[in-house]
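To start, the structure itself, in structure tokens.
Residue numbers (my numbering): 21 to 192.
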């Protein structure tokens, strides 16, 4: 028996069922593909969001730590400068007192840790003046006036430095 291939392919081919099947498969797979793409995108966005939030928390903690450190430094600096002026004022009343002299020296030594180089020179000059001219001397009116003006100028210099250290707070 021989097969006639011409008769098999002589009929027109009806592709309507094939097109219908392809459309049905595409209609089924399209939402699945869109859902997979959307889920992948949402995953990446959420991951970026978590990374951003983590970085913001780190920055916030770093800023808070720096702010706290600055506040402590400023408070220590202010305390040291105040102690210099307080002990220098107490020393005025008794220039012969070794204890008050030691208190002034100790306060100046502590304040030197917080000063810039210009004010370090000023403090060292102040202590040199006390060492060479004031300690053990009498209390004449001129000496008291000179010492008081020296303390006042020292206070002004330390105040300038303290003011330059303080952060400027902007108000809205």
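By construction, the Cβ of each residue, glycine as well, lies at the ideal position given by its N, Cα and C atoms.
Compute the beta-carbon to beta-carbon distance between residue 155 and residue 115, rounded to the nearest angstrom, for a pair I have assumed lies under 8 Å.
6 Å
Residues in the same chain with beta-carbon distance under 7 Å from residue 69, minus the five sequence neighbours each way, listed in chain order, please.
none
Three or more C-beta pairs under 8 Å: does that hold for the stretch 118-131 against the stretch 102-110?
yes
What is the residue span of the alpha helix (DSSP H) that residue 73 lies within?
36-113
Just the Cα atoms here: how many angstroms apart are residue 82 and residue 76?
10 Å
Less than 9 Å separating the beta-carbons of residue 150 and residue 90?
no
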